[in-house]
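Numbering (our numbering), first residue to last: 53 to 171.
The beta carbon of each residue, even a glycine, is placed where N, CA and C say it ideally should be.
On a predicted model such as this, the values are computed, not experimentally measured, just so you know.
See structure below.
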């Protein structure tokens, strides 16, 4: 799922910057938004699937840490790179591609990792 979301956002950015075709921009915008919504729902389901309140708490804390760090970091990068839009564009594409590739690496699901720690 994460790989698909990353690819959809890469296509979205390229369509917004490279295509004058309104239909294409609309399609990739709907695709990336829809996939992001589905991924968010899946993430919430994972967070609510734990049996133990302690595991739910640990999951929520980690989720909050990512949001607390990620959002301000993105805002800071946007401010710093505002005069260099082409650099920002390629940096975002590279980060999305890297995140997509990392999501393909074999790993245990988050719920399995949390349950192993508690069990």
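Open item on the list: Considering only their Cβ atoms, is the gap separating residue 88 from residue 77 smaller than 8 Å?
Closed with: no
Open item on the list: Helix, strand or coil for residue 105? Go by DSSP, reduced to three states.
Closed with: helix
Open item on the list: For residue 57, count the other beta carbons within 10 Å of its own beta carbon; 16 or more makes it buried, fewer makes it exposed. Which is it?
Closed with: buried
- [ ] Compute the Euclidean distance between the alpha carbons of residue 63 and residue 80, then round it to the nearest angstrom.
- [x] 7 Å
Task: Check whether residue 82 and residue 53 have beta carbons under 8 Å apart - done: no
Open item on the list: Please tell me whether residue 65 and residue 123 are closer than 8 Å, where the distance is taken between their beta carbons.
Closed with: no
Task: Same chain, Cβ closer than 7 Å to residue 69, five either side skipped, listed in chain order - done: 141
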